[in-house]
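Numbering (the UniProt record's numbering), first residue to last: 1 to 777.
Don't be surprised by glycine CBs; every beta carbon is placed ideally from N, CA and C.
What follows is a set of notes on a single structure, which appears directly below.
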């Protein structure tokens with residue numbers, strides 16, 4: 001898993017000097033040069049430091065790793081003692097000790113780490129050992145860990161690589177585990193080769209290596225910051241508060257727009273928060289909290305303040321990190337509405353925001369830290385010959401290995417590492433994403449509305465650039481009892497004419513258009529121009545293709561509840577899905593083949609017919625429509641630095657897709673419940689389950705006391721015996737089976753009635769009539 005995380009962040013590592021690192025990521029106003037001098041002098045007086053460096057480390061050539069670096073405990077304690085003698089108002093915020101054998105409590109599954117050193121917040125419930133030379137053995141909640149360290153006695157490529165992997169795995173878990181955390185600090189040591197680390201949503205920054213003995217000042221400054229920095233300075237969000245509940249569960253209170261909102265249940269979405277560098281979007285259902293008046297005891301206590309819950313209304317809160325120049329969603333909505341003809345219709349498919357703002361604390365906006373561009377350079381992870389690229393991978397998220405037929409990937413361009421800003425919004429509509437929908441009718445309504453919205457975006461001259469399953473929402477209006485699709489996450493939305501070849505690739509891999517993944521115009525006449533890759537920019541039809549991939553994804557991960565596919569067919573479809581889904585942003589060969597040349601669409605239909613009826617596969621061949629549209633648009637290649645002309649786009653392709661979905665919707669307008677494919681049962685399993693249900697029902701009836709006739713009054717004449725009652729058809733599966741049986745019986749009856757009503761004719765007349773009908777067809 002650690003290797004996988006490093007691979008996922010190959011383009012996110014930057015390096016700077018130790019001085020720049022400390023100034024950018026580990027500086028505090030009161031930690032002046034005088035404080036550093038006073039602490040250094042005290043360490044020398046205590047015999048921990050001399051002109052050759054750290055005295056304990058100089059004697060470590062015969063010691064084990066744990067003993068060699070155990071001196072970091074006394075060093076931290078001596079720094080705290082010396083800092084008290086200075087005139088600066090410093091108050092310790094954490095305690096730092098070696099911890100090579102200590103484990104931690106995790107609220108989420110993932111990488112279990114045992115850092116060689118860790119700093120723990122003093123406000124936590126951790127009981128530290130009396131002897132500072134001893135290692136911490138107490139079980140610590142990961143939310144209390146301030147910083148981590150990893151050590152190796154040897155300085156080899158293998159050891160450096162191992163330290164990097166352990167540091168990355170631990171930092172990833174800390175950021176994933178705690179919504180309150182903005183970044184993670186740490187340091188690694190191989191013999192005396194030392195580096196500082198900062199993991200944030202903007203980049204992974206590592207300092208250039210320095211000798212621990214020759215430059216003890218760097219470590220002293222780093223320790224001072226770790227020990228005395230307040231939570232909002234060291235990497236915690238001061239506007240998010242953990243709230244333990246009486247049942248032992250943990251929820252969180254977010255500050256937004258001057259109000260307090262308490263999370264309800266698990267996040268609606270947080271998968272992107274698993275990756276350290278990125279938007280780290282978390283979406284919650286929340287309720288509003290109100291401060292209690294006077295000395296009234298509230299439902300929730302936060303920082304000593306009592307709050308009462310308002311459960312009458314629920315909202316949706318989104319917390320994310322966007323690029324510094326990204327517009328907020330409310331502003332993008334306004335820009336779109338100003339450029340479309342039917343403003344009310346488009347507004348009807350937007351979220352209604354109560355709050356949409358950049359997070360602020362003490363009057364200052366919150367930004368992810370990053371050293372100036374002139375101070376950092378791109379860096380690569382240490383390569384180790386012992387690391388096997390085909391080793392097994394494990395993760396708290398599902399992952400799939402690439403097929404052997406995968407084409408080689410082109411080299412990635414250098415990323416600019418833009419600074420990110422922390423944003424937060426609260427919306428009125430509590431919606432369901434595509435991943436939550438379990439009825440094909442709901443999904444079709446959502447997709448049809450998304451097609452309508454994308455057509456409006458084209459009219460306004462904007463592309464969405466991230467039409468993922470999490471951004472296409474279904475809202476059920478309680479007042480009107482209606483359903484509608486809502487388009488969300490407009491942060492990547494951009495004017496088409498403002499796009500350039502230098503814009504980073506955006507989107508969710510499972511739903512990205514093939515040309516976007518390839519970063520190439522696949523249908524251009526390459527004899528006319530040889531550098532189509534350099535001319536590529538995403539356009540409107542790419543957004544529409546993302547809806548098509550959502551449809552294909554749904555068919556590969558859901559099955560109608562009344563269907564009973566065999567275990568063999570279920571496994572076949574699950575394996576086939578790996579051709580299209582589970583890849584990174586570079587896509588796969590089968591995805592491309594479905595669009596270009598498009599012949600795979602027939603094999604795809606045959607594969608899906610194993611578990612689906614033909615009527616709901618009407619839109620599978622829409623990939624051929626997409627192919628024709630791309631060919632039409634790319635007949636005349638764009639000029640250098642110019643996008644495809646806006647006049648080349650029209651509404652025909654949107655109408656074609658909408659009509660195909662309407663045909664499916666007409667077939668299942670009364671509801672078409674689905675279930676996850678992995679939970680589907682084969683006929684044999686269903687038969688066994690029904691048999692078991694009957695046996696359980698009979699057993700329950702035998703245990704019931706018999707009803708005496710004398711116990712029945714005159715009003716019970718209509719009651720039937722429990723044995724003679726109709727079977728319970730409450731489950732969706734049984735309801736659909738019963739409905740199918742009734743339809744088949746009705747068809748048989750109508751057919752027999754029509755045949756009996758026909759007048760008897762001779763064989764010759766009937767033959768002529770059939771021949772005539774055949775010619776007409």
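- Here the alpha carbons of residue 183 and residue 280 stand approximately 12 Å from one another.
- In the DSSP assignment, residue 559 forms a beta bridge with 675.
- Membership of residue 623 in the alpha helix (DSSP H) is indicated by the continuous run 622-633.
- For residue 516, the uninterrupted alpha helix (DSSP H) segment begins and ends at 514-518.
- Residue 485: member of the beta strand (DSSP E) spanning 482-487, first to last residue.
- Short of 8 Å from the beta carbon of residue 601, and not among the five residues preceding or following it, lie these beta carbons of its own chain, in chain order: 594, 620, 621, 623, 624.
- The shortest CA-to-CA distance from residue 7 to any of 360, 277, 335 is the one to 277.
- Annotated as proximal: residue 484 and residue 475, with beta-carbon spacing under 7 Å.
- Residue 314 is a Cβ neighbour of residue 287, given a cutoff of 7 Å.
- Annotation note: the region 434-512 contains the following uninterrupted alpha helix (DSSP H) runs of length 4 or greater, listed N- to C-terminal: 440-460.
- Counting only the Cα atoms, residue 48 lies some 6 Å from residue 55.
- Annotation: residue 237 to residue 366 spans about 9 Å, alpha carbon to alpha carbon.
- The shortest C-alpha to C-alpha distance from residue 260 to any of 269, 85, 291 is the one to 291.
- Residue 175 has its alpha-carbon roughly 15 Å from the corresponding atom of residue 369.
- The Cβ atoms of residue 98 and residue 70 lie closer than 7 Å to each other.
- Check the Cα spacing between residue 430 and each of 438, 269, 39, 16: the tightest is with 269.
- In chain order, 53, 54, 57, 189, 192, 193, 194, 219 place their CB closer than 8 Å to the CB of residue 212, counting only its own chain and leaving out the 5 sequence neighbours on each side.
- Excluding the 5 residues flanking it on each side, residue 169 has same chain C-beta neighbours closer than 7 Å at 1, 2, 5, 111, 113, in chain order.
- Here residue 671 is exposed, its C-beta having fewer than 16 other C-beta atoms within 10 Å.
- Between the alpha carbons of residue 144 and residue 27 lies a distance of about 21 Å.
- A straight line joining the alpha-carbon of residue 648 with that of residue 629 spans about 10 Å.
- If you ignore the 5 residues before and after residue 339, its C-beta comes within less than 6 Å of the C-beta of 460, all in its own chain and listed in chain order.
- Sixteen is the threshold: when 16 or more other Cβ atoms of the shown chains lie within 10 Å of the Cβ of residue 516, as they do, the residue is buried.
- For residue 159, the enclosing alpha helix (DSSP H) stretches over residues 157-177.
- The C-beta separation of residue 96 from residue 117 comes to about 7 Å, placing the pair in contact by the 8 Å criterion.
- Scanning 164, 506, 378 for the CA closest to the CA of residue 12 turns up 378.
- Ranked by Cα distance from residue 661, the options 441, 330, 158, 120 are led by 441.
- By the criterion of a C-beta distance shorter than 6 Å, residue 148 is surrounded in its chain by 115, 118, 170, 186, once the five residues flanking it on both sides are discounted.
- Looking at the DSSP output, residue 358 sits in a beta bridge with 423.
- Taking a cut-off of 8 Å for Cβ pairs, the region 320-329 and the region 351-360 touch, as three or more such pairs fall below it.
- Bridge pairing for residue 647: absent [DSSP].
- Assigned with DSSP and collapsed to three states, residue 92 falls in coil, not helix or strand.
- Secondary structure note for residue 576: its alpha helix (DSSP H) is the uninterrupted segment 567-577.
- When the Cα atoms are used, residue 100 and residue 240 turn out to be separated by approximately 30 Å.
- In the DSSP assignment, residue 194 falls within the unbroken beta strand (DSSP E) covering 193-199.
- Beta-bridge annotation (DSSP): residue 306 is paired with 301.
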